[in-house]
Every structure is written in C-alpha cells, then in structure tokens.
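Enquirer: There's a structure below that I have some questions on.
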Amino acid sequence: MSFGKLYGLPDNPRTVSILVAAKSNDLDLELVKTEANGNASFNSGAEYRKVSPLGKVPAFEGANGFTLSEAIAIAVYVTSQNEKTTLLGKTKQDYASILRWLSFANSEVLPRFGAWYRPLLGLEGYNKKAVDEASKVALKSVGVLETHLTANTYLVGERITLADFFTAALLTRAFATVLDAKWRSSSPAVVRWYNTIINQPAFKAVVAQPVFAEEAIKYTPPKKEEKPKAAPAAEEKPAEKPKPKHPLEALEKPTLILDDWKRKYSNDETREDALPWFWQNFKAEEYSLWRVDFKYNEELKLTFMANNLIGGFHARLEASRKYIFGAQAVYGANYDCVIRGVFLIRGQDHVPAFNVAPDWESYEFTKLDPSKEEDRKYVDDMWAWDVPVTVGGKEQQFADGHVFK
Ligand SMILES: N[C@@H](CCC(=O)N[C@@H](CS)C(=O)NCC(=O)O)C(=O)O
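Note that the sequence shown covers residues 1 to 405 in the UniProt record's numbering.
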C-alpha cells in the first residue's frame with residue numbers, strides 16, 4: 001500500500017529529492033501531478049491549501065491523514081520511516097550537518113539557480129542584469145560545494161546521506177541547463193560527487209537519464225510577428241485609464257460552466273466519463289475549440305525544456321483563466337519533439353483569450369469544427385494524452401504536458 005501521496009512534478013527538483021528519499025527506503029509514494037504554480041486551479045483550491053498553504057509543491061499527504069509541506073520536512077519524514085536508515089547519519093552532529101546541507105541546497109543553491117535558468121527557460125520574465133547577477137551568486141553557492149567536496153567524499157561523514165541525495169536532486173535542472181561542460185571542467189569535485197550520487201540505484205530509479213548541458217542555455221526572446229506601428233496622434237495626452245475588464249467578461253453567462261468541466265476533467269476518468277460529459281454539455285455557440293501548435297518546433301531541444309515552455313505560457317495566460325481550458329503536450333524525444341494541444345475558449349475569437357500572454361504569437365491557432373468527427377477525435381486525443389501524434393509520417397509518443405485549468 002502506498003505510504004501517501006506526493007503532490008509535485010516528475011521533473012521538479014524538489015519533488016525529485018523526495019521521490020529519491022522514498023525510493024532509498026523502498027517506500028511507495030503515489031506522485032500526484034500538480035502544477036508548480038500556486039495560482040493554478042488545483043493549487044489554489046481549499047483542499048490543497050490545507051496541505052500546502054501557499055499552493056506550492058512538493059506537498060505530502062500520508063495514507064494516515066498526516067500532511068506536510070516544505071521539501072526538507074517531507075524528505076526527513078519520509079527517510080526517517082526506516083528505523084535503521086543510515087541516511088540521517090549516526091550522531092547528533094551528523095544529523096545537524098545533514099540539516100545544514102538540506103537548508104543550504106534548498107535556500108541558498110536552488111533559488112539562485114532558479115533565478116538564473118527560469119528566465120532562460122521562459123518561466124519568468126527576462127532581465128539581463130538580474131540573470132547575470134543570479135548566475136554569479138549561484139556559482140558562488142555551488143563553489144561552496146566544490147570546496148567541501150575537494151576535501152570530503154560526501155557531504156556528511158564517510159557514506160551517502162540524505163544530504164547527498166537531496167542536494168544532487170536539487171541540482172538536476174542546473175546541470176541540464178547552465179552547469180555546462182566548461183563549468184564542469186572547472187569543478188571536478190562536484191562533478192565526481194554528482195556522478196556518484198546520480199548513479200545510485202535509488203536515484204536512477206527516479207531520474208533514469210540525468211541531462212548534462214553541453215553549453216549553457218541562452219535567452220531567446222519570444223518571437224513576435226512584425227506589426228507596423230501606428231503613428232501617434234498629434235496631441236496625444238497620456239490619460240488615466242481604469243484597469244480594463246477582460247473583453248470576454250462581456251459575454252453572457254453560458255449554460256456550460258467552465259469550472260464544472262474543469263472539475264470533471266480533474267476528477268473523472270478522461271475517456272470513460274469526462275469526455276462523454278463534455279460533448280453532452282458543449283454548445284458551439286457558447287465556446288469554440290482551437291488546435292494550438294507551437295510554431296518553432298525545430299528549435300526545441302530537451303523534452304523537459306519544451307514542457308517548461310508550456311508551463312511558462314500557461315502561467316502567462318493567468319488573466320484568461322476564467323474563460324479558457326486546455327491541454328498542451330510535448331510529443332517525441334530529446335532533440336526531436338513537438339508541442340501540440342487543444343484549448344476550449346469562451347466565444348468564437350481566440351485573440352482576446354490568448355493575447356494576455358506576451359508569447360501567444362509563438363503558437364498557431366486553428367479553429368476546430370466540433371460537427372466533424374475527425375476534429376472531435378483530435379480534441380479527445382489531445383485531452384486524453386493516450387495516443388501518439390504523427391509528425392512528418394513518424395509517430396511521436398506523448399512525453400509530458402500541462403493542463404490549463
Ligand atoms: N519553501 C518551499 C518552497 C517550495 C516552492 O517554492 N516550490 C515551487 C516549485 S519548486 C512552487 O511550487 N512554486 C509555485 C509558486 O510559487 O507559485 C519548500 O522548500 O518546499
């Protein structure tokens with residue numbers, strides 16, 4: 001029987017750290033895929049806020065009802081379930097030193113690296129100065145590890161502890177994005193230690209193939225179609241404008257309540273229950289359905305980065321959350337993948353629904369015709385994530401995705 005549920009994401013470093021800790025004690029945790037976005041509908045729901053007051057991940061809900069937020073607390077709780085574990089050290093000093101590294105990794109290392117790579121991955125707004133500054137502070141923090149690991153095999157004592165599993169897990173995304181070959185050649189102790197930890201069976205069972213970036217990822221500005229600029233009116237005075245209402249607010253109340261559909265999709269079996277319910281209740285005069293294809297698939301590299309791109313797009317669609325639902329996924333493998341998806345939106349015009357996100361023009365929007373069998377099948381497939389897509393005559397399997405709900 002499962003020890004409990006872990007709310008998080010399979011490629012989220014903090015989630016990975018808990019999954020590795022559980023695996024190392026043969027503890028079965030059920031991963032409940034939850035957005036790393038406190039504003040997403042599930043994360044902001046009253047039930048989840050009881051487990052994680054800020055709606056963040058990871059969070060834990062034991063089979064016995066005990067709940068915890070905060071990665072360090074969850075990692076220690078999960079590890080300590082094995083009375084004989086050596087992962088928490090032998091002495092009080094060991095234990096305190098382990099907590100020291102958990103805290104260092106969680107609050108000094110990961111947030112600095114996040115501030116470096118998240119804007120580069122399109123998950124946060126880009127500001128060159130801020131990113132350059134974050135990269136310096138991040139490298140300084142990992143420099144502390146280099147110094148320590150030059151003199152020590154592991155972070156604490158003479159064997160692997162939770163400090164090693166946790167810290168290595170928190171660095172997985174940094175290695176995949178910014179700790180490139182050049183940096184690695186300058187930091188042999190961290191690299192030797194990281195390779196040892198990621199090759200432990202418990203780690204490999206969670207992250208089968210950790211990624212090593214050859215070259216640090218770079219910022220690529222979101223592509224926008226060139227639009228001719230309107231000439232400014234002769235005597236234009238900047239007026240104090242009240243914050244405009246969302247244009248879709250003006251539409252009449254529909255009979256299909258979007259939140260009902262979102263709940264149905266989240267809670268029921270997609271093929272068996274949710275999709276039949278959707279088609280029974282969908283009215284083409286209230287909503288429209290759109291195929292949404294990423295325009296620059298040839299520029300996608302690793303599938304997790306492509307999936308992050310979707311996550312960032314969804315975060316920027318926040319202002320339209322009341323009016324849209326959709327699922328987008330990455331199909332294929334590293335260096336050979338595409339982003340596809342389908343959105344349901346209030347009204348018949350996709351522009352006001354999507355133009356709240358500055359990168360909306362990176363996608364091509366094609367209206368689907370729900371009276372056509374093939375278009376309905378496309379919607380089903382894009383929302384059920386259980387069939388591959390065909391790209392240039394080749395089948396590409398589902399890799400990962402995000403649901404905007
Ligand atoms: N102090 C928390 C931080 C958790 C955290 O920031 N989680 C991120 C993902 S790694 C998140 O859920 N962010 C969503 C948000 O801030 O809205 C911990 O150590 O677990």
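Ideal Cβ placement from N, Cα and C applies to all residues, glycine included.
Who are the Cβ neighbours of Ile-217 in its own chain at under 6 Å, not counting the five residues just before and after it?
Expert: To locate residue 217, count along the sequence shown from 1; it is residue 217. Answer for Ile-217: Leu-120, Thr-177, listed in chain order.
Enquirer: I'd like the list of long-range same chain contacts for Leu-9, defined as Cβ closer than 8 Å, with 5 residues on each side in sequence excluded.
Expert: By 1-based counting over the sequence shown, the position of residue 9 is 9. If we look at Leu-9 and ignore the five residues flanking it on each side, its Cβ neighbours are Thr-15, Lys-33, Thr-34, Glu-35, Ala-36, Val-57.
Enquirer: Where does Trp-279 land, buried or exposed, given buried means 16+ other C-beta within 10 angstroms?
Expert: For the purposes of this step, residue 279 is taken as the residue at position 279 of the sequence shown. Exposed: under 16 other Cβ atoms inside 10 Å.
Enquirer: Go through the stretch 306-379 residue by residue and report every complete run of the alpha helix (DSSP H) that reaches 4 residues or more, in order.
Expert: Runs found: 351-354.
Enquirer: Quick check: does the Cβ of Gly-311 come within less than 7 Å of any heavy atom belonging to ligand 1?
Expert: Taking the first residue of the sequence shown as position 1, residue 311 is located at position 311. No, the Cβ of Gly-311 stays beyond 7 Å of every heavy atom of ligand 1.
Enquirer: Identify the residues that DSSP records as bridge partners of Asp-293: which are they?
Expert: In the sequence shown, the residue the question calls residue 293 occupies position 293. In DSSP, Asp-293 forms a bridge with Glu-364.
Enquirer: Applying the 10 Å Cβ sphere with the 16-neighbour rule, what's the burial state of Arg-316?
Expert: In the sequence shown, residue 316 corresponds to position 316, counting from 1. So Arg-316 ends up on the buried side.
Enquirer: Could you tell me whether the stretch 63-71 touches the stretch 38-47, where touching means 3 or more Cβ pairs closer than 8 Å?
Expert: Counting Cβ pairs under 8 Å, fewer than three are found: no touch.
Enquirer: Please state whether DSSP places Ala-40 in a helix, a strand or coil.
Expert: As a working note, residue 40 is residue 40 in the sequence shown. It is coil, neither helix nor strand.
Enquirer: Could you give the distance in angstroms between the alpha-carbon of Gly-4 and the alpha-carbon of Arg-49?
Expert: Residue mapping note: residue 4 aligns to position 4 of the sequence shown, counting from 1. Residue mapping note: residue 49 aligns to position 49 of the sequence shown, counting from 1. Approximately 17 Å, taken between the alpha carbons.
Enquirer: Give a single yes or no on whether Arg-118 has its beta carbon closer than 7 Å to a heavy atom of ligand 1.
Expert: The residue labelled residue 118 in the question sits at position 118 within the sequence shown. Arg-118 Cβ: outside cutoff for every heavy atom of ligand 1.
Enquirer: Excluding the 5 residues flanking Tyr-126 on each side, which residues of the same chain have their C-beta closer than 6 Å to its C-beta?
Expert: Residue mapping note: residue 126 aligns to position 126 of the sequence shown, counting from 1. Pro-119, Tyr-219, listed in sequence order.
Enquirer: Quick test of your reading: Ser-17 and Leu-170, contact by CB under 8 Å. State the CB separation rounded to the nearest angstrom.
Expert: Indexing the sequence shown from 1 puts residue 17 at position 17. Indexing the sequence shown from 1 puts residue 170 at position 170. Yes, Ser-17 and Leu-170 are in contact; Cβ-Cβ is about 6 Å, under 8 Å.
Enquirer: Would Phe-66 be called buried (16 or more neighbouring beta carbons within 10 Å of its own) or exposed?
Expert: Working through the sequence shown from its first residue, we reach residue 66 at position 66. Exposed: under 16 other Cβ atoms inside 10 Å.
Enquirer: Could you tell me whether the Cβ atoms of Gly-332 and Ala-399 are closer together than 8 Å?
Expert: As a first step, residue 332 is located in the sequence shown; it is residue number 332 there, counting from the start. As a first step, residue 399 is located in the sequence shown; it is residue number 399 there, counting from the start. Contact: yes.
Enquirer: Considering just the uninterrupted stretch of the beta strand (DSSP E) at Val-403, what are its terminal residues?
Expert: Within the sequence shown, residue 403 is the residue found at index 403, counting from 1. Per DSSP, Val-403 belongs to the beta strand (DSSP E) from 398-404.
Enquirer: Measure from the alpha carbon of Ala-274 to the alpha carbon of each residue in Lys-283, Ala-284, Trp-261, then state which is nearest.
Expert: The count along the sequence shown starts at 1 and reaches residue 274 at position 274. Of the candidates Lys-283, Ala-284, Trp-261, the one whose C-alpha sits nearest the C-alpha of Ala-274 is Trp-261.
Enquirer: Taking Gly-311 as the reference, which of Ser-141, Thr-85, Glu-124 has the closest Cα?
Expert: Here residue 311 refers to the residue found at position 311 when the sequence shown is read from its first residue. For the residues Ser-141, Thr-85, Glu-124, the minimum Cα distance to Gly-311 belongs to Glu-124.
Enquirer: For the candidate residues Arg-340, His-314, Asp-380, whose alpha-carbon lies nearest to that of Ala-357?
Expert: Here residue 357 refers to the residue found at position 357 of the sequence shown. For Ala-357, the nearest C-alpha among the options comes from His-314.
Enquirer: Run the CB neighbour count on Met-1, radius 10 Å, all protein chains shown included, and call it buried at 16 or more, exposed below.
Expert: In the sequence shown, residue 1 corresponds to position 1, counting from 1. When all chains shown are included, Met-1 counts as exposed.
Enquirer: Can you find the residues in the same chain that come closer than 8 Å, C-beta to C-beta, to Thr-303, ignoring five residues on each side of it along the sequence?
Expert: In the sequence shown, residue 303 corresponds to position 303, counting from 1. Once the five neighbours on either side are set aside, the close Cβ partners of Thr-303 are Val-330, Gly-332, Ala-333, Asn-334, Cys-337, Ala-399, Asp-400.
Enquirer: Sorted by chain position, which residues of the same chain lie with C-beta nearer than 7 Å to Asp-180's C-beta, five sequence neighbours on each side aside?
Expert: By 1-based counting over the sequence shown, the position of residue 180 is 180. For Asp-180, where only same-chain residues beyond five positions count, the Cβ hits under 7 Å are Ala-213, Glu-214, Glu-215, Ala-216.
Enquirer: Consult DSSP for Gly-89 and reduce its assignment to one of helix, strand or coil.
Expert: Within the sequence shown, numbered from 1, the residue matching residue 89 stands at position 89. In the structure shown, Gly-89 sits in coil (DSSP, three-state: anything other than H, G, I, E or B).
Enquirer: Compute the Euclidean distance between the alpha carbons of Phe-354 and Asn-281, then round it to the nearest angstrom.
Expert: By 1-based counting over the sequence shown, the position of residue 354 is 354. By 1-based counting over the sequence shown, the position of residue 281 is 281. So the alpha carbons of these two residues sit roughly 23 Å apart.
Enquirer: Are there 16 or more other CB atoms within 10 angstroms of the CB of Asn-195, so buried, or fewer, so exposed?
Expert: In the sequence shown, the residue the question calls residue 195 occupies position 195. Asn-195 comes out exposed.
Enquirer: Can you list, in chain order, the residues of its chain with a C-beta nearer than 6 Å to that of Leu-300? Leave out the 5 residues immediately preceding and following it.
Expert: Start at 1 with the first residue of the sequence shown, and residue 300 comes out as number 300. Answer for Leu-300: Ala-306, Cys-337, listed in chain order.
Enquirer: So Thr-85 packs on Thr-79, CB below 8 Å; how close in whole Å?
Expert: As a first step, residue 85 must be located in the sequence shown, where it is residue number 85. As a first step, residue 79 must be located in the sequence shown, where it is residue number 79. Rounded, the Cβ-Cβ distance is 6 Å, consistent with contact.
Enquirer: How would you label Asp-380, buried or exposed, when you count the other beta carbons within 10 angstroms and need 16 or more for buried?
Expert: In the sequence shown, residue 380 corresponds to position 380, counting from 1. By the neighbour-count rule (16 or more Cβ atoms within 10 Å), Asp-380 is buried.
Enquirer: By how many angstroms is the C-alpha of Asp-11 removed from the C-alpha of Ser-141?
Expert: One-based indexing of the sequence shown puts residue 141 at position 141. One-based indexing of the sequence shown puts residue 11 at position 11. The straight-line gap from Cα to Cα measures roughly 22 Å.
Enquirer: Could you check whether the Cβ of Glu-70 sits closer than 7 Å to any heavy atom belonging to ligand 1?
Expert: Walking along the sequence shown from the start, residue 70 turns up at place 70. Within the cutoff, so yes.
Enquirer: Less than 7 Å separating the Cβ of Gly-125 from some heavy atom of ligand 1?
Expert: Locating residue 125 in the sequence shown gives position 125, counting from the first residue. Flag unset: Cβ of Gly-125 not near ligand 1.
Enquirer: Would you kindly report the start and end of the unbroken alpha helix (DSSP H) that includes Lys-264?
Expert: Position 264 of the sequence shown, counted from the start, is the residue given in the question as residue 264. 258-267 is the extent of the alpha helix (DSSP H) around Lys-264.
Enquirer: Need the endpoints of the alpha helix (DSSP H) that Tyr-117 sits in, please.
Expert: The residue you call residue 117 lines up with position 117 of the sequence shown. 110-120 is the extent of the alpha helix (DSSP H) around Tyr-117.
Enquirer: Taking buried to mean at least 16 other C-beta atoms within 10 Å of its own C-beta, is Asn-308 buried or exposed?
Expert: Taking the first residue of the sequence shown as 1, we reach residue 308 at position 308. That one is buried.
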